[in-house]
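A.B. asks: Residue numbers (our numbering): 6 to 394. Below is a structure I'd like to ask you about.
Right under this line is the structure:
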């Protein structure tokens with residue numbers, strides 16, 4: 006018996022450390038690996054489900070659609086090969102004229118669609134219509150004011166699109182152009198341009214008010230707080246008259262609302278629409294942006310938006326923390342705006358790197374350490390109280 010007790014005492018530490026090791030494995034398995042796999046599979050299922058759904062609006066408009074749209078972001082200066090859209094511009098009156106460079110000058114913006122490295126022109130008939138246009142152009146001044154959304158048209162020169170735009174205020178502007186070819190949406194960030202003229206060139210003011218006045222209307226933004234990098238953020242936009250009457254929208258460029266989100270350092274650009282149950286975009290770093298429009302609870306509203314119940318819903322995954330400015334373009338029903346014109350409401354959104362007070366790695370580490378110590382203490386006491394005979 007003494008020999009048995011001696012052997013038992015010798016193997017007792019091995020039992021103890023085996024229990025500790027096994028406990029660690031269980032904690033890693035069920036505290037980290039299983040939840041991560043569950044989240045990955047859930048996202049994969051969502052993506053597969055969304056990829057499989059046709060774009061209901063395109064179907065209603067009679068456009069062919071394969072149920073899957075991707076968008077890639079490029080800075081034109083970085084493109085060495087493949088599709089590119091190059092910007093050139095000239096003002097009228099020309100340089101040397103007394104009014105050249107004045108604010109309000111009519112500026113010809115020219116966008117050359119071509120294939121690098123040769124610069125081979127891509128004719129307009131090789132592009133596809135996206136939201137009723139062959140090309141969308143969005144611009145912003147560096148104080149995140151002076152937003153515009155315009156649509157160049159094909160010129161006589163193959164591959165060239167042009168439009169006359171009037172910059173109302175001087176300053177430094179960034180412009181993005183968007184085209185669709187072979188089923189792929191591409192966004193191109195152009196080099197910043199300087200607009201001359203008299204007047205204030207920069208006036209940045211950040212406010213996190215969730216109500217914006219636009220003419221005779223008030224637009225309310227309801228947002229999941231806080232917005233966190235890489236986490237899904239839901240945005241709801243509701244439109245009312247000044248006396249509180251709910252307002253419905255009519256389609257603007259084939260969608261109830263257009264939403265553009267631009268980071269204040271110009272490093273992230275997202276142009277999204279609330280119609281795309283099957284529509285996804287990629288931001289500059291390749292993260293997927295999920296787009297959903299819902300009104301009346303879970304019922305999708307494609308042909309138009311009824312803000313009377315729940316407003317217009319978007320789900321966005323912000324790829325970077327920081328300050329973003331959001332521009333919501335819409336057309337209230339029955340006010341007879343000129344074609345291709347819309348009202349624009351803007352809001353600032355602060356995106357956190359993580360939820361305040363939350364550090365998942367530290368929380369997981371402390372929880373695992375505490376569990377190991379607690380279970381180890383229990384195992385040790387159990388072995389002391391229940392020695393082998």
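From the three backbone atoms N, C-alpha and C, an ideal C-beta is built for every residue, glycine too.
#1: Let's see if you can read the secondary structure: which residues bound the beta strand (DSSP E) around residue 137?
#2: Here's a check: name, in chain order, each residue in its chain whose Cβ is nearer than 6 angstroms to the Cβ of residue 342, leaving out the five neighbours to either side.
#3: Can you tell me whether residue 209 is buried or exposed, with buried defined as 16 or more other CB within 10 angstroms of its CB?
#4: Provide the residue(s) that pair with residue 181 in DSSP beta bridges, ordered along the chain.
#5: Please say whether residue 331 and residue 264 have beta carbons closer to each other than 9 angstroms?
#6: Between the beta-carbon of residue 157 and the beta-carbon of residue 166, is there less than 9 angstroms?
#7: Out of 329, 254, 138 and 248, which has the shortest C-alpha to C-alpha gap to residue 340?
#8: How far does the beta strand (DSSP E) with residue 114 in it extend, from its first residue to its last?
#9: What is the rounded straight-line gap between the Cα of residue 268 and the Cα of residue 347?
#10: Kindly indicate the opening and closing residues of the beta strand (DSSP E) around residue 253.
#11: Among 236, 135, 115 and 129, which one has its Cα closest to the Cα of residue 259?
#12: Buried or exposed for residue 23, going by 16 or more other Cβ atoms inside 10 Å?
#13: Is residue 138 buried or exposed, if buried means 16 or more other CB atoms sit within 10 Å of its CB?
#14: At what residue ranges does the region 224-248 contain a whole run of the beta strand (DSSP E), taking only runs of 3 or more?
#15: By the DSSP assignment, the beta strand (DSSP E) with residue 169 in it spans what residues?
#16: Candidates 323, 351, 344 and 140: which alpha carbon is nearest residue 358's?
#17: Going along the chain, which residues of its own chain have a beta-carbon closer than 8 angstroms to the beta-carbon of residue 325, five neighbours each way excluded?
#18: Between which residues of its own chain and residue 246 is the CB-CB distance below 8 angstroms, once the five residues before and five after are set aside?
#19: On the three-state DSSP scale, how would you describe residue 333?
#20: What's the call for residue 250, buried or exposed, on a 16-neighbour Cβ count within 10 Å?
#21: Check whether the region 72-91 and the region 178-197 are in contact - that is, three or more C-beta pairs closer than 8 angstroms.
#22: What separation, rounded to the nearest whole angstrom, lies between the Cα atoms of residue 229 and residue 320?
#23: Which of the three DSSP states, helix, strand or coil, is assigned to residue 321?
#24: Among 114, 121, 86 and 236, which has the Cα closest to the Cα of residue 160?
#25: Considering only DSSP beta bridges, list what residue 85 is partnered with.
#26: So, is residue 85 buried or exposed, given that buried needs 16 or more other C-beta atoms within 10 angstroms?
#27: Given a threshold of 16 other Cβ atoms within 10 Å of its Cβ, counted over all protein chains shown, does residue 204 qualify as buried or as exposed?
#28: I believe residue 216 touches residue 225 by the beta-carbon criterion, under 8 angstroms. Please report the beta-carbon distance rounded to the nearest angstrom.
#29: Within a Cβ cutoff of 6 angstroms, which residues of the same chain sit near residue 122, ignoring the five residues on either side of it in sequence?
#30: Starting from residue 260, trace the beta strand (DSSP E) both ways and give me its first and last residue.
#31: How is residue 24 classed by DSSP in three states: helix, strand or coil?
#32: Does residue 80 have its Cβ less than 9 angstroms from a Cβ in chain C?
#33: Can you give me the C-alpha to C-alpha distance between residue 168 and residue 236, rounded to a whole angstrom?
#34: Which word fits residue 89, buried or exposed, when buried means at least 16 other C-beta atoms lie within 10 angstroms of its C-beta?
#35: Once DSSP output is grouped into helix, strand and coil, what is the label at residue 314?
C.D. replies: The structure says:
#1: Numbered from 1 along the chain shown, position 132 holds the residue referred to as residue 137. No beta strand (DSSP E) holds residue 137; DSSP gives it neither H nor E.
#2: Mapped onto the chain shown, residue 342 falls at position 337. Result list for residue 342: 336, in chain order.
#3: The count along the chain shown starts at 1 and reaches residue 209 at position 204. Residue 209 comes out exposed.
#4: Here residue 181 corresponds to residue number 176 of the chain shown, with the count starting at 1. Residue 181 is bridged to 143 and 194.
#5: For the purposes of this step, residue 264 is taken as residue 259 along the chain shown, with counting starting at 1. For the purposes of this step, residue 331 is taken as residue 326 along the chain shown, with counting starting at 1. Cβ atoms of residue 264 and residue 331: closer than 9 angstroms.
#6: Residue mapping note: residue 157 aligns to position 152 of the chain shown, counting from 1. Residue mapping note: residue 166 aligns to position 161 of the chain shown, counting from 1. Yes, the Cβ-Cβ distance between residue 157 and residue 166 is below 9 angstroms.
#7: For the purposes of this step, residue 340 is taken as residue 335 along the chain shown, with counting starting at 1. The shortest C-alpha separation from residue 340 is found at 254.
#8: Here residue 114 corresponds to residue number 109 of the chain shown, with the count starting at 1. Residues 111-121.
#9: Against the chain shown, residue 268 aligns to sequence position 263. Against the chain shown, residue 347 aligns to sequence position 342. Their backbone Cα atoms lie some 22 angstroms apart in a straight line.
#10: Taking the chain shown and counting its residues from 1, one reaches residue 253 at position 248. That run of the beta strand (DSSP E) goes 253-255.
#11: Within the chain shown, residue 259 is the residue found at index 254, counting from 1. When each option's Cα is compared against that of residue 259, the closest is 135.
#12: Residue numbering aside, residue 23 sits at position 18 when the chain shown is read from its first letter. With fewer than 16 Cβ atoms within 10 Å of its Cβ, residue 23 is classed as exposed.
#13: Translated into the one-based positions of the chain shown, residue 138 becomes position 133. With 16 or more Cβ atoms within 10 Å of its Cβ, residue 138 is classed as buried.
#14: 237-246
#15: For this step, residue 169 is matched to residue 164 along the chain shown. Residue 169 -> beta strand (DSSP E) spans 165-171.
#16: Start at 1 with the first residue of the chain shown, and residue 358 comes out as number 353. Measuring from the Cα of residue 358, the nearest candidate turns out to be 323.
#17: One-based indexing of the chain shown puts residue 325 at position 320. Taken in chain order, the residues that qualify are 234, 268, 272, 273, 290 and 356.
#18: Counting from one through the chain shown, the residue named residue 246 turns up at place 241. Excluding residues within five positions, the ones whose Cβ falls inside 8 angstroms are 221, 222, 223 and 252.
#19: Walking along the chain shown from the start, residue 333 turns up at place 328. Residue 333: strand per DSSP, three-state reduction.
#20: For the purposes of this step, residue 250 is taken as residue 245 along the chain shown, with counting starting at 1. The residue in question, residue 250, is exposed, as its Cβ has fewer than 16 Cβ neighbours within 10 Å.
#21: yes
#22: One-based indexing of the chain shown puts residue 229 at position 224. One-based indexing of the chain shown puts residue 320 at position 315. Cα to Cα, residue 229 sits roughly 10 angstroms from residue 320.
#23: The residue labelled residue 321 in the question sits at position 316 within the chain shown. Here residue 321 sits in strand by DSSP.
#24: The count along the chain shown starts at 1 and reaches residue 160 at position 155. When only C-alpha atoms are compared, the closest one is 114.
#25: As a working note, residue 85 is residue 80 in the chain shown. According to DSSP, residue 85 bridges with nothing at all.
#26: Here the question's residue 85 lines up with position 80 in the chain shown. It counts as exposed.
#27: As a working note, residue 204 is residue 199 in the chain shown. Exposed: under 16 other Cβ atoms inside 10 Å.
#28: Against the chain shown, residue 216 aligns to sequence position 211. Against the chain shown, residue 225 aligns to sequence position 220. Confirmed, Cβ separation roughly 5 angstroms.
#29: Within the chain shown, the letter at position 117 stands for residue 122. Contacts found: 86.
#30: As a first step, residue 260 must be located in the chain shown, where it is residue number 255. Run containing residue 260: none; DSSP gives neither H nor E here.
#31: Position 19 of the chain shown, counted from the start, is the residue given in the question as residue 24. Residue 24 falls in the helix class under three-state DSSP.
#32: Given the protein chain composition of this structure (a single chain), no chain C is represented.
#33: Here residue 168 is taken as the residue at index 163 of the chain shown, counted from 1. Here residue 236 is taken as the residue at index 231 of the chain shown, counted from 1. Rounded to whole angstroms, residue 168 to residue 236 spans 38 angstroms at the Cα level.
#34: Along the chain shown, read from residue 1 onward, the residue named residue 89 stands at position 84. Label assigned to residue 89: buried.
#35: Here residue 314 corresponds to residue number 309 of the chain shown, with the count starting at 1. Any answer about residue 314 is weak, because its pLDDT of 47 lies below 50 and its placement is not dependable; what the coordinates show is given next. If DSSP states are grouped into helix, strand and coil, residue 314 belongs with coil.
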